[in-house]
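*Asks:* Going down the list, the sequences are from chains P and G. For the first sequence, the tail end lands on 766 under our numbering, and the numbers increase by one without skipping. For the second sequence, the tail end lands on 766 under our numbering, and the numbers increase by one without skipping. Where is the CB? At the ideal position from N, CA and C, for every residue including glycine. Since this is a predicted model, take the numbers as computed values, not measurements.
There are 2 protein chains.
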Amino acid sequence: MHTTSELQEIIEKAIKGLSYSNHPKNLYDPISYIMNLGGKRLRPALVLLAADLFNGSLDEALPAALAIETFHNFTLIHDDIMDNAPLRRGQQTVHEKWGTNNAILSGDVMMVESNKLLTKVKVSVLKEVLDTFNATAQGVCEGQQLDMEFESRNDVSIEEYIDMIRLKTAVLVGGAMKIGAIVGGANEADANLIYDFGENLGIAFQLQDDILDVYGDPEKFGKQVGGDIIANKKTYLLLKLQEIVNTEDAVLLDQQAGNKDTLLKIERVTALYNQYDVKDLAVEQMRNYLDKAFAALSAINVPQHQKEEISGLANELMNRES
Amino acid sequence: MHTTSELQEIIEKAIKGLSYSNHPKNLYDPISYIMNLGGKRLRPALVLLAADLFNGSLDEALPAALAIETFHNFTLIHDDIMDNAPLRRGQQTVHEKWGTNNAILSGDVMMVESNKLLTKVKVSVLKEVLDTFNATAQGVCEGQQLDMEFESRNDVSIEEYIDMIRLKTAVLVGGAMKIGAIVGGANEADANLIYDFGENLGIAFQLQDDILDVYGDPEKFGKQVGGDIIANKKTYLLLKLQEIVNTEDAVLLDQQAGNKDTLLKIERVTALYNQYDVKDLAVEQMRNYLDKAFAALSAINVPQHQKEEISGLANELMNRES
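#1: Measure from the C-beta of G/K423 to each C-beta in chain P and report whether the shortest distance is under 8 angstroms.
#2: Taking Cβ positions, are P/A393 and P/M621 nearer each other than 8 angstroms?
#3: Throw me the rounded Cβ distance for the G/V617 and G/G660 pair, which I believe falls under 8 angstroms.
#4: Compute the Euclidean distance between the alpha carbons of G/E753 and G/H446, then round it to the nearest angstrom.
#5: Does the beta carbon of G/P468 sit closer than 8 angstroms to a beta carbon anywhere in chain P?
#6: Which residues in chain C sit within 8 angstroms of G/H522, going by Cβ to Cβ distance?
#7: Measure from the C-beta of G/I626 to each C-beta in chain P and report whether the shortest distance is under 8 angstroms.
#8: Give the straight-line distance between the Cα atoms of G/F594 and G/I688, rounded to the nearest whole angstrom.
#9: Around the Cβ of G/E632, are there at least 16 other Cβ atoms within 10 angstroms (buried) or fewer (exposed)?
#10: For the alpha helix (DSSP H) containing G/K684, list its first residue and its last residue.
#11: What are the complete alpha helix (DSSP H) segments, minimum 4 residues, inside the region 522-561 of chain G?
#12: Could you compute how far the alpha carbon of G/V553 sits from the alpha carbon of G/L481?
#13: Going along chain P in order, which residues have a C-beta closer than 9 angstroms to the C-beta of G/I525?
#14: In chain P, what lies closer than 9 angstroms to G/V600 by C-beta?
#15: Is DSSP giving G/E603 helix, strand or coil here?
#16: With a threshold of 8 angstroms between beta carbons, is G/K612 in contact with chain P?
#17: Taking Cβ-Cβ distances shorter than 7 angstroms, what residues in chain G pair up with P/A581?
#18: Quick one: using the 10 Å Cβ neighbour count with 16 as the cut-off for buried, is G/S596 buried or exposed?
#19: Of all Cβ atoms in chain P, is any one closer than 8 angstroms to the Cβ of G/L471?
#20: Taking the alpha-carbon positions, what's the G/E711 to G/L490 distance?
#21: Taking P/F665 and P/L656 to be in contact with their CB atoms under 8 angstroms, please state how far apart those CB atoms are, rounded to whole angstroms.
#22: Assuming the contact rule is C-beta atoms closer than 8 angstroms, G/L492 and G/I454 should be a hit. Round their C-beta distance to whole Å, please.
#23: State yes or no: is the beta carbon of P/M592 nearer than 8 angstroms to at least one beta carbon in chain G?
#24: Are at least three pairs of beta-carbons, each pair with one atom in the region 735-744 of chain P and one in the region 668-676 of chain P, less than 8 angstroms apart?
#25: Would you say the region 601-611 of chain P touches the region 538-548 of chain P, given that touching needs at least three Cβ pairs under 8 angstroms?
#26: If you measure from the beta carbon of P/N517 to each beta carbon in chain G, is any gap under 8 angstroms?
#27: Does DSSP classify G/A630 as helix, strand or coil?
#28: With 8 angstroms set as the bound, which would you pick, yes or no: does the beta-carbon of P/N559 sit closer than that to a beta-carbon of chain G?
#29: So with CB distances below 9 angstroms, who are the chain P contacts of G/L574?
#30: Three or more beta-carbon pairs under 8 angstroms between the region 524-538 of chain P and the region 670-684 of chain P, yes or no?
#31: Output needed for P/D640: all residues of its chain with C-beta closer than 8 angstroms, excluding positions within five of it in sequence on either side, in chain order.
#32: Does the pairing of the region 598-608 of chain G with the region 578-595 of chain P give three or more beta-carbon distances under 8 angstroms?
#33: So P/E586 contacts chain G; which residues on that side make the cut at Cβ distance below 8 angstroms?
#34: Is G/N644 close to chain P, meaning its C-beta is less than 8 angstroms from at least one C-beta of that chain?
#35: Which residues in chain G have a C-beta closer than 7 angstroms to the C-beta of P/V771? List them in chain order.
#36: Within 8 angstroms of any Cβ in chain P, is that where the Cβ of G/N763 sits?
Printed below as a string of structure tokens:
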């Protein structure tokens, strides 16, 4: 068994060692660029942690881990185009640096690169790995589409929101772990259980994100607290508040959408969140998904002590402050 | 053995039978839309023709044929965004109808759909099929990138141009046939020969396109003759002319780039093509690639009469008038 940080180191080294064609240069440079912008390498680490859980070979799981990280970064390139985002991890986004058309195409070829990496897994599990990967990739596209559509809708339900974050964020966490488990030799039941663990953890993680945006410690959060409020982002907190707010406060809340005084806006919306105990409701929902995740993990048929690295990481993620 | 039109019918029926998820609707509707815009279904037909050549099962090759057609249509969606094209086969392009962000994402999920279709081939050939498909998909992205880059360059050589059309168009023809051959049970040598046939045929086909644009019969061509000239498109003919033209005529040619009188522009550029026998040079080059294609086909280790459907189709394509 390896620690998460050992695995992150293995991945970081492997990413540094990845090389791409150089012709045409502008097609491939964005791949090295975004792959080396950093990040915690959580998704590929989860692939290796899952393989390790079933005493699988890390060497065999590593290409799949790199495939997941490559796929994730491909989605970042295309998402940044759609979101018109100028910066990614403090650096220019690919479409800002190379232009939108170039970024579309570099993303496309990056998807091919992830498929190429995936074909390096043992032939005996190739079909199963691909089925899991394709279902995952499809879910991620669906989640991004829903996220875009929600921006212009005013009737998004909590249920729809949870489904969106499940698709956009959580299926990739589940898929990464399931792929690691398959390569690591898990049986179907255990592979599905680790998927459930990952998916539920992913949803809990995203709800935590929504909570931290409002209630994070400004000293530790790393981003501006209240960023989602300023952007009128439909988070769990906002949708929950809209569901339970009385008519009078609903008017007050609606008025905030156009409030140009951002500090006042954050203050007023946060006051409403506090008044309606929205944080507690969000925490409860988050704990629900976390409980589901741990129930799945606990049902996996390997000695409990082998699960400690994974449960430790999950707890660490859920207690994070940024 | 089946005729090309029998195979095209099988494919057309199978495409009509394809169904996609309906959630989110706007993610999947563009897939059905573009897949049903029509077209000659040449690429998937070539998959089946190649499988048939080696007495392979068409049922087994059909998902791979659909994967190739799906992939091809995905590239059309993204290319149309990059080219800012309003129309595709006389209908609105996907990005015109659904918006650019939606079109990027529908293209992405379509790439996943083609990968899903590919996993339906026999497990015994899955790895080989995927390797061929991924190399092909990568080449197509490279070709599109080069094509975009050539637009703003004035020093594109004939060699670079041939390499671009090879990647953008011909590797998919070769790749489609190689995948069909692999599924059909061809050995590696024959699979590579049919790839060579397809790739060289693809290059010849594209050169033919360049020639037809200038010398096609206006009654039969279907598009405006001289469209490439109006658009200042760097075709084989233009690049060849630029290579051999004398200084005086080079000035005349350069002046045409900005000529707003399109009929006069077509007339003058065509006159230069005629004066320098550029058509003959292009036809010679095209025949070169066609000869290479037929040499590869003839070297394939199956009875010659089994190759007649494929050679017949190739000849038909090369004698086309539109």
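*Replies:* By the coordinates alone:
#1: Here chain G has residues from 445 to 766 only, and residue 423 of chain G is not among them.
#2: The requested residue 393 of chain P is not part of the displayed model; chain P covers only 445 to 766.
#3: Contact flag wrong, Cβ pair sits at about 21 angstroms.
#4: 8 angstroms
#5: yes
#6: Given the protein chain composition of this structure (P and G), no chain C is represented.
#7: no
#8: 20 angstroms
#9: exposed
#10: Y680 to I688
#11: 538-542
#12: 18 angstroms
#13: T544, N545 and I548
#14: Per Cβ cutoff of 9 angstroms: no residues; G/V600 is ~13 angstroms from chain P at best.
#15: helix
#16: no
#17: V556
#18: exposed
#19: yes
#20: 38 angstroms
#21: 6 angstroms
#22: 7 angstroms
#23: yes
#24: no
#25: no
#26: no
#27: coil
#28: yes
#29: N559, K560, L562, T563, L570 and L574
#30: no
#31: G618, K736, A737 and A740
#32: no
#33: S465, H467, P468, L471 and V553
#34: no
#35: Since the first residue shown for chain P is 445 and the last is 766, residue 771 of chain P is missing from the structure and cannot be characterised.
#36: no
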